[in-house]
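Reminder that position 17 of the sequence shown reads as 17 in the UniProt record's numbering, one-by-one numbering, no gaps. Note that the Cβ used here is the ideal one computed from N, Cα and C, for glycine as well. Here's the structure, in structure tokens; my notes come after.
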Amino acid sequence: MSKTRGQGPWTLPHASWLNEVELFLSTLARRVLKHGVFSSRDDLIDKLDAYVIGHNETAKPYRWTYDGTPLKTT
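In structure tokens form, the structure reads like this:
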């Protein structure tokens, strides 16, 4: 089958990792961007960097508990 105009690229069958990205960006927006006052672009970058560093220092690894059979992809 040939690609038609407007057909997007192939995507992963399981994109659950995007949920974690969405949660991180949502928290970042609420804690840094929503009520933030930035005197310059460099000030914004500094505050974003500080948030990411703080998040990385307190983050805990996800413990995968599923021990059943692997899911089948289509």
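- Collapsing the DSSP output to three states places Lys47 in a helix.
- Between the alpha carbons of Asn56 and Pro70 lies a distance of about 30 Å.
- The Cβ atoms of Val21 and Tyr51 do not sit closer than 8 Å to each other.
- Remark: C-beta atoms of Gly36 and Lys47 approach each other more closely than 8 Å.
- Per DSSP, Ser26 is one residue of the alpha helix (DSSP H) stretching across Trp17 to Leu28.
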